[in-house]
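For reference, the structure discussed in these notes is given below.
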């Protein structure tokens, strides 16, 4: 399991996202500066006014989500406690058109906290049997956890 990617570590998705985010303001700018015929100006400006808040909302959700993921990962890196999760069930499921994954359900026991169950999708058809122990990083005071990264 890898840390969340930064904004510019996925250039194709970053460029595509920037194009989507810029669509509303560019349409609005084109309507206000006279790049469209006078007959279409009103509809272009209205379209720009509708798209601009939507694109700003998409940008905010992306930025906030990425920052949250990075903050959680950092919290687990600095204060995480290694625990073992016991696999209670594992089944092969489809996780795409042609891809198969393994869905595992685990019981995680952390010293000083009540045990909890969690479900994870693991890429590929892994042969994981019930009773197998898998390392998990758990925050000692908050409800944060992740499968331990491979070392």
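Numbering (this note's numbering), first residue to last: 10 to 160.
Cβ coordinates follow ideal geometry from the N, Cα and C atoms, glycine included.
All of these numbers come straight from a predicted model, not from anything done at the bench.
Item                                                                                                                 : Value
Cα-Cα separation, residue 60 to residue 47                                                                           : 20 angstroms
Nearest-angstrom beta carbon gap, residue 90 and residue 149 [assumed within contact, 8 angstroms]                   : 5 angstroms
Inter-stretch contact (C-beta, 8 angstroms, three-pair minimum) for the stretch 133 to 146 and the stretch 94 to 109 : yes
6 angstroms Cβ shell around residue 7 - same chain, five flanking residues per side excluded                         : Here the chain comprises residues numbered 10 to 160, so residue 7 is not present and cannot be evaluated.
Between the CA atoms of residue 145 and residue 116 - distance to the nearest angstrom                               : 10 angstroms
Stretch pair the stretch 60 to 69 + the stretch 22 to 38: three plus CB contacts closer than 8 angstroms             : yes
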